[in-house]
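Asks: What follows is a structure written as structure tokens; I'll ask about it next.
Numbering (our numbering), first residue to last: 1 to 70.
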């Protein structure tokens with residue numbers, strides 16, 4: 001299943017994975033979660049919707065579960 005809340009384009013931030021319609025990298029979300037909260041991330045990056053962020057986190061959880069099960 002394709003994750004539509006993120007995109008990768010070689011012309012945008014060197015091909016980094018970003019939230020669709022923004023220049024905010026997915027890595028920025030994970031960096032924030034290491035030291036802060038989802039709410040603070042959303043306040044600091046209002047171009048990212050809660051739905052986009054949760055979609056990425058759900059997909060990361062799914063990938064982690066699949067990796068552990070393998």
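All C-beta atoms, glycine included, are put in the ideal place defined by N, C-alpha and C.
No experiment lies behind these values; they were computed from the predicted model shown.
Around the Cβ of residue 1, are there at least 16 other Cβ atoms within 10 angstroms (buried) or fewer (exposed)?
Replies: Your numbering for residue 1 matches position 1 in the chain shown. Summary for residue 1: the model assigns pLDDT 47, below 50, so the residue's position carries little reliability, and this model does not support an answer.
Asks: Which one of 20, 10, 9, 67 has the shortest CA to CA distance from residue 50?
Replies: One-based indexing of the chain shown puts residue 50 at position 50. Nearest option by C-alpha distance: 20.
Asks: What are the partner residues of residue 18, as DSSP defines its beta bridges?
Replies: By 1-based counting over the chain shown, the position of residue 18 is 18. Answer by DSSP bridge pairing, in chain order: 7, 25.
Asks: Leaving out the 5 sequence neighbours to the left and right, which residues in its chain are closer than 8 Å to residue 24 when beta-carbon positions are compared?
Replies: Reading the chain shown from its first residue, position 24 is the one you call residue 24. These residues qualify, in order along the chain: 18, 45, 47, 48.
Asks: Could you tell me the alpha carbon to alpha carbon distance between residue 53 and residue 32, rounded to whole angstroms?
Replies: Counting from 1 along the chain shown, the entry for residue 53 is found at position 53. Counting from 1 along the chain shown, the entry for residue 32 is found at position 32. So the alpha carbons of these two residues sit roughly 12 Å apart.
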